[in-house]
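Quick mapping for you: the protein sequence lines, in order, are chains C and P. If you want my numbering, it's the 1-based position in the first sequence plus 60. If you want my numbering, it's the 1-based position in the second sequence plus 4. Don't be surprised by glycine CBs; every beta carbon is placed ideally from N, CA and C. Quantities reported herein were computed from a predicted structural model and do not represent experimental measurements. Just below is one structure, and these are the notes that go with it.
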Amino acid sequence: MTAPLLQVTDLRTYFFTDQGVARAVDGVSFSVTPGETVALVGESGCGKTVTSLSILGLVPDPPGRILDGSSIRLRGEELVGASEERLRRLRGNEVAMIFQEPMASLNPVFTVGEQISEPLRLHLGMSKRAARERAVALLNEVGIPEPAHRFDEYPHQLSGGMRQRVMVAIAIACEPALLIADEPTTALDVTIQAQILELLAQLREHRGMAVLLITHDLGVVAEVADRVVVMYAGQVAETGTATEVFGFPSHPYTEGLLASIPRADRSGERLRPIPGVVPAPNDWPAGCRFADRCRYAWERGAAEAPPLLELETGRGEERAARCWLVAEPARRHPPIVAETEQ
Amino acid sequence: MTRYLIRRTVLAIPLVLGIATLLFFVINLAPGDPTQLMINPSMRAEVVEQMRANFGLDQSLPVRYTKWLTAFVRGDLGYSYSYNQPVSQVIAQILPNTLLLSGAALVVAFVVGVLIGIVQAVRQYSLLDQALSFVALFFYSMPSFWLALMMILVFALFARNVWDWPIYFPPSGTRSVDFAQLGTWDQIVDRARYMVLPVTSLALVLAAGIARYTRSSMLEVVRQDYVRTARAKGLRERTVILKHALRNALIPVITLFGLYLPVLFSGTVFIEYVFGWPGMGKTIIDAISLRDYPVVMGTSVIFACMVVVGNLIADVLYAVVDPRIRYE
Numbered sequence: 061m062t063a064p065l066l067q068v069t070d071l072r073t074y075f076f077t078d079q080g081v082a083r084a085v086d087g088v089s090f091s092v093t094p095g096e097t098v099a100l101v102g103e104s105g106c107g108k109t110v111t112s113l114s115i116l117g118l119v120p121d122p123p124g125r126i127l128d129g130s131s132i133r134l135r136g137e138e139l140v141g142a143s144e145e146r147l148r149r150l151r152g153n154e155v156a157m158i159f160q161e162p163m164a165s166l167n168p169v170f171t172v173g174e175q176i177s178e179p180l181r182l183h184l185g186m187s188k189r190a191a192r193e194r195a196v197a198l199l200n201e202v203g204i205p206e207p208a209h210r211f212d213e214y215p216h217q218l219s220g221g222m223r224q225r226v227m228v229a230i231a232i233a234c235e236p237a238l239l240i241a242d243e244p245t246t247a248l249d250v251t252i253q254a255q256i257l258e259l260l261a262q263l264r265e266h267r268g269m270a271v272l273l274i275t276h277d278l279g280v281v282a283e284v285a286d287r288v289v290v291m292y293a294g295q296v297a298e299t300g301t302a303t304e305v306f307g308f309p310s311h312p313y314t315e316g317l318l319a320s321i322p323r324a325d326r327s328g329e330r331l332r333p334i335p336g337v338v339p340a341p342n343d344w345p346a347g348c349r350f351a352d353r354c355r356y357a358w359e360r361g362a363a364e365a366p367p368l369l370e371l372e373t374g375r376g377e378e379r380a381a382r383c384w385l386v387a388e389p390a391r392r393h394p395p396i397v398a399e400t401e402q
Numbered sequence: 005m006t007r008y009l010i011r012r013t014v015l016a017i018p019l020v021l022g023i024a025t026l027l028f029f030v031i032n033l034a035p036g037d038p039t040q041l042m043i044n045p046s047m048r049a050e051v052v053e054q055m056r057a058n059f060g061l062d063q064s065l066p067v068r069y070t071k072w073l074t075a076f077v078r079g080d081l082g083y084s085y086s087y088n089q090p091v092s093q094v095i096a097q098i099l100p101n102t103l104l105l106s107g108a109a110l111v112v113a114f115v116v117g118v119l120i121g122i123v124q125a126v127r128q129y130s131l132l133d134q135a136l137s138f139v140a141l142f143f144y145s146m147p148s149f150w151l152a153l154m155m156i157l158v159f160a161l162f163a164r165n166v167w168d169w170p171i172y173f174p175p176s177g178t179r180s181v182d183f184a185q186l187g188t189w190d191q192i193v194d195r196a197r198y199m200v201l202p203v204t205s206l207a208l209v210l211a212a213g214i215a216r217y218t219r220s221s222m223l224e225v226v227r228q229d230y231v232r233t234a235r236a237k238g239l240r241e242r243t244v245i246l247k248h249a250l251r252n253a254l255i256p257v258i259t260l261f262g263l264y265l266p267v268l269f270s271g272t273v274f275i276e277y278v279f280g281w282p283g284m285g286k287t288i289i290d291a292i293s294l295r296d297y298p299v300v301m302g303t304s305v306i307f308a309c310m311v312v313v314g315n316l317i318a319d320v321l322y323a324v325v326d327p328r329i330r331y332e
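Right under this line is the structure:
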């Protein structure tokens, strides 16, 4: 196996507020190898975004802080506790990020071109003219028609899809090794979503860039991800290749997520939403954090927090789930699908 | 943009006329008239009547209004009773002083206010933030004329006569008596020294309000996604704040520019009086007590025009700072 580009180990990012300590990210480990797409999946409030902000060192401090003992290594270099200056040189250069809301993520008072040129001039030391040429080429690469003309336009003159393309252009400007895409398609309508995903897939292929895709949309994950990290309540609930996780979900939470997506090939079937909501991050349950919402829950889950248990796939792939069912498989009822087809 | 400016300017004409009309009736309905200060008790009634007739005060109000309006639209502001000069000449002498004073105060107020607001927003809830908030509230709630008196007491009187400070400022006037003998550089320094106290008294009150406004606007903006984007690009914190955040935070602050002009001019009236500054404010007060109607009307109309122009400038500034605003 190749050396990982990004190795996150036991990441704990807590928010120290007046209402108590919110353990937004609570011992998360995963890795991304060069050129790979890893999807970080979970409901709102499970710690996906805080995880990604932690990688860039952008967690608002105070109240947030990455705890000692956490480790984020980029090509082996430790980023936790690295100087602000060092992190600043990585941001937008080695590690770039695109955000959920293209409407709000671009500065309304600067031209699109100015905003793309900024990282080029900052990290690559380009002249204004060189940056302009490069930015126009980037606009062209992300599929914006009339790029030279668009360069001088302001964000409000572009549609949502166009703005997200501009965000992508800003992110890939300095040819980062890792692109973190935080819900890049959530705010867009479906046809545009597909276009942006297609664009990301192309760029990844052409540039050999790794992508950490953060999303709650499993449809998106199935399309583009190599590996999946399912997060729940600040922890990793399940990891594995996309095929494994979708084909044979091991954690009841993953099962629940899959059962709550509408699917064209199973029409007439009722959707089964997961009951309840993610508990508040300042009040995680003591035992299994999913126990309250789990259809299999028994005494062990309420009493003891399960560790991330390795699963034997027999295919030599890294696979694990944070569930006592791995240890006691007999307690799993017949899967949801069989139950509903009547 | 040009068409918009022309339209706004044309629309400003009835506005200024309306203000002038209102003023005309208010000042003329006030008891007393200019002759009362010129006569003495031994004068015969016919003489007094003759004087009133000379000034045209024996005519009815509507007739006087029509006459005044006709002259006004032709650009004739009338003849001052007390200065014995055309009003336009009186204004020409004092307007530069007022523009200098209020212009300097406006610049100082915005520069100081915005800077303090940024510092407070960046260091929100810190001791510095709280201290600056306290100081800002202190000056915000203080009448500027009282502040002016305290400044004179401390920085002119005590500084020079009691504490023997190396630096003190003149409490009154616009320049030293030996101004004409000074070199160019010394002339500039001399004028600046005379401006320090009146400008500070005027600017501090405004700066305090601007700081409070900038702080909250800035706090609103730094939470925006595009500020996070700027950080994610690897920009220096200074660039993030002073370029990406500030430009957006200034948009609502520009509103204050238009709103504060009337406050500034009414402040000028008191400040000029306290510091013996020969400007529009001091002149208007003197003219009101002397019932010098043409001077009151002339200076008021100039003030009204400056407020109208100031608001026009504010609207243009909006379009300059915020590309989403386009005037058609």
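Can you give me, in chain order, the residues of the stretch 221–246 of chain P that have a beta carbon less than 9 angstroms from any beta carbon in chain C? Taking 9 angstroms as the Cβ-Cβ cut-off against chain C, the residues of the stretch 221–246 of chain P that qualify are Q228, D229, Y230, V231, R232, T233, A234, R235, A236, K237, G238, L239, R240, E241 and T243.
Three-state secondary structure (DSSP) of P90 of chain P: If you number the second sequence from 1, residue 90 of chain P lands on position 86. Here P90 of chain P sits in strand by DSSP.
Say whether chain P places a C-beta atom closer than 8 angstroms to the C-beta of L116 of chain C. Position 56 of the first sequence, counting from 1, holds the residue named residue 116 of chain C. With 8 angstroms as the cut-off, L116 of chain C counts as an interface residue toward chain P.
Can you confirm whether D364 of chain P, when its beta carbon is compared against all beta carbons of chain C, has any partner nearer than 8 angstroms? The structure shown has nothing for residue 364 of chain P, since chain P only spans 5 to 332.
Between the alpha carbons of P335 of chain C and T245 of chain C, how many angstroms are there, rounded? Counted from its first residue, the first sequence places residue 335 of chain C at position 275. Counted from its first residue, the first sequence places residue 245 of chain C at position 185. Approximately 25 angstroms between the Cα atoms of the pair.
In this structure, how does DSSP classify Y83 of chain P when only helix, strand and coil are distinguished? Counted from its first residue, the second sequence places residue 83 of chain P at position 79. For Y83 of chain P, the secondary structure class from DSSP, reduced to helix, strand or coil, is strand.
When you compare the CB of V325 of chain P with every CB in chain C, is at least one pair closer than 8 angstroms? The count along the second sequence starts at 1 and reaches residue 325 of chain P at position 321. Output row for V325 of chain P: interface = yes.
Does the pairing of the stretch 225–240 of chain C with the stretch 178–188 of chain C give three or more beta-carbon distances under 8 angstroms? Contact between the stretch 225–240 of chain C and the stretch 178–188 of chain C is present: three or more C-beta pairs spanning the two stretches fall below 8 angstroms.
Closer than 8 angstroms by beta-carbon distance: list the chain C residues that pair up with N315 of chain P, in chain order. To locate residue 315 of chain P, count along the second sequence from 1; it is residue 311. Chain C residues near N315 of chain P: none, gap ~22 angstroms exceeds 8 angstroms.
Can you give the Cα-Cα distance for P312 of chain C and R355 of chain C, rounded to whole angstroms? The sequence position of residue 312 of chain C within the first sequence is 252, counting from 1. The sequence position of residue 355 of chain C within the first sequence is 295, counting from 1. So the alpha carbons of these two residues sit roughly 7 angstroms apart.
Measure the beta-carbon distance from D168 of chain P to F183 of chain P and round it to whole angstroms, keeping in mind my assumption that it falls under 8 angstroms. Numbered from its first residue, the second sequence carries residue 168 of chain P at position 164. Numbered from its first residue, the second sequence carries residue 183 of chain P at position 179. Not confirmed; about 25 angstroms, so no contact.
Identified DSSP bridge partners for E138 of chain C: Locating residue 138 of chain C in the first sequence gives position 78, counting from the first residue. The partner list for E138 of chain C (beta bridge, DSSP) reads C:R133.
Buried/exposed call for Q402 of chain C, threshold 16 Cβ in 10 Å: Position 342 of the first sequence holds residue 402 of chain C. Residue confidence for Q402 of chain C is low, a pLDDT of 38 falling below 50, so the modelled location carries little weight; the figure read from the coordinates is stated next. Exposed, by the Cβ-count rule.
Can you confirm whether N252 of chain P, when its beta carbon is compared against all beta carbons of chain C, has any partner nearer than 8 angstroms? If you number the second sequence from 1, residue 252 of chain P lands on position 248. For N252 of chain P, the nearest beta carbon of chain C is closer than 8 angstroms to its own beta carbon.
Rounded to whole angstroms, what is the Cα-Cα separation between A270 of chain C and R382 of chain C? One-based indexing of the first sequence puts residue 270 of chain C at position 210. One-based indexing of the first sequence puts residue 382 of chain C at position 322. Within the model, the alpha-carbon separation for A270 of chain C versus R382 of chain C is close to 26 angstroms.
Could you check what DSSP says for A82 of chain C in three-state terms: helix, strand or coil? Against the first sequence, residue 82 of chain C aligns to sequence position 22. Per DSSP, reduced to three states, the secondary structure at A82 of chain C is strand.
Can you tell me where the alpha helix (DSSP H) holding A49 of chain P begins and where it ends? For this step, residue 49 of chain P is matched to residue 45 along the second sequence. Here the alpha helix (DSSP H) through A49 of chain P covers A49 to F59.
When the Cα of A215 of chain P is compared with those of P:I122, P:G22 and P:V320, which residue comes out closest? Working through the second sequence from its first residue, we reach residue 215 of chain P at position 211. Nearest Cα to A215 of chain P within the set P:I122, P:G22 and P:V320: P:I122.
What does the Cβ neighbour count give for W72 of chain P, buried or exposed, with the cut at 16 atoms within 10 Å? For this step, residue 72 of chain P is matched to residue 68 along the second sequence. The Cβ neighbour count for W72 of chain P, taken over all protein chains shown within 10 Å, is at least 16; the residue is labelled buried.
Start and end of the beta strand (DSSP E) containing L248 of chain C? The sequence position of residue 248 of chain C within the first sequence is 188, counting from 1. It is not in any beta strand (DSSP E) - L248 of chain C carries neither H nor E in the DSSP assignment.
Can A229 of chain C and V202 of chain C be called in contact, C-beta distance under 8 angstroms? Here residue 229 of chain C refers to the residue found at position 169 of the first sequence. Here residue 202 of chain C refers to the residue found at position 142 of the first sequence. Going by C-beta atoms, A229 of chain C is nearer than 8 angstroms to V202 of chain C.
Starting from the beta carbon of G220 of chain C, find every residue of chain A whose beta carbon is closer than 7 angstroms, and list them in chain order. In the structure shown, chain A cannot be found, because the protein chains are C and P.
Give, in chain order, every unbroken run of the alpha helix (DSSP H) that is at least 4 residues long and sits entirely within the stretch 177–245 of chain C. Whole alpha helix (DSSP H) segments, 4+ residues: 188–201, 207–210 and 220–232.
Does chain C have any CB closer than 8 angstroms to the CB of R164 of chain P? Stepping through the second sequence from its first residue, residue 164 of chain P is reached at position 160. Judged by the 8 angstroms Cβ criterion, R164 of chain P is not in contact with chain C.
Find the residues of chain P that neighbour V186 of chain C, judging by a C-beta separation of less than 9 angstroms, and give them in chain order. If you number the first sequence from 1, residue 186 of chain C lands on position 126. As written in the sequence, residue 186 of chain C is Met, which differs from the Val given in the question. Under a criterion of Cβ atoms nearer than 9 angstroms, no residue of chain P is adjacent to M186 of chain C; the nearest Cβ is some 14 angstroms distant.
At a cut of 8 angstroms, does the stretch 201–210 of chain P reach the stretch 144–154 of chain P through at least three beta carbon pairs? Result yes; three or more Cβ-Cβ pairs closer than 8 angstroms.
Taking DSSP's pairing of strands, which residues face Y292 of chain C in a bridge? Reading the first sequence from its first residue, position 232 is the one you call residue 292 of chain C. For Y292 of chain C, which the question treats as bridged, DSSP gives the partners C:Q295.
Option nearest T301 of chain C by Cα separation, candidates C:Q295, C:A293, C:G294 and C:E283: Position 241 of the first sequence, counted from the first residue, corresponds to residue 301 of chain C. If we check each option's Cα against that of T301 of chain C, C:E283 comes out closest.
Between L147 of chain C and the rest of its own chain, which residues show a CB-CB distance below 8 angstroms, the 5 nearest in sequence each way excluded? Mapped onto the first sequence, residue 147 of chain C falls at position 87. Closer than 8 angstroms at the Cβ level, and outside the excluded window around L147 of chain C, lie L116, G117 and L139.
How about A398 of chain C: is its C-beta nearer than 8 angstroms to some C-beta of chain P? Mapped onto the first sequence, residue 398 of chain C falls at position 338. The predicted model places A398 of chain C with a pLDDT of 44, which falls under 50 and marks its position as unreliable; any figure quoted below should be read in that light. Contact with chain P is absent for A398 of chain C, since none of that chain's Cβ atoms lies less than 8 angstroms from the residue's Cβ.
Separation of N32 of chain P from Y297 of chain P, as counted between CA atoms: The residue you call residue 297 of chain P lines up with position 293 of the second sequence. The residue you call residue 32 of chain P lines up with position 28 of the second sequence. Cα atoms of Y297 of chain P and N32 of chain P: separation of roughly 8 angstroms, rounded to the nearest angstrom.
Out of C:S131, C:R332 and C:A365, which has the shortest C-alpha to C-alpha gap to A346 of chain C? The sequence position of residue 346 of chain C within the first sequence is 286, counting from 1. That would be C:A365, whose Cα lies nearest to the Cα of A346 of chain C.
Please list the segments of the alpha helix (DSSP H) lying wholly inside the stretch 335–380 of chain C, counting only runs of 4 or more residues, in order along the chain. The qualifying runs are 359–363.
Give a yes or no on whether 8 angstroms exceeds the smallest Cβ distance from L219 of chain P to chain C. Start at 1 with the first residue of the second sequence, and residue 219 of chain P comes out as number 215. The question names Leu, but residue 219 of chain P in the sequence shown is Arg. No - not a single Cβ of chain C is within 8 angstroms of the one on R219 of chain P.
Closest to A191 of chain C by C-alpha separation, out of C:G173, C:E258, C:N200 and C:P205, would be which residue? Residue numbering aside, residue 191 of chain C sits at position 131 when the first sequence is read from its first letter. Residue C:G173 is the option with its Cα nearest to A191 of chain C.
Alpha helix (DSSP H) segment containing R151 of chain C, residue limits: Translated into positions along the first sequence, residue 151 of chain C becomes position 91. Note, R151 of chain C: premise wrong, no alpha helix (DSSP H); not H, not E.
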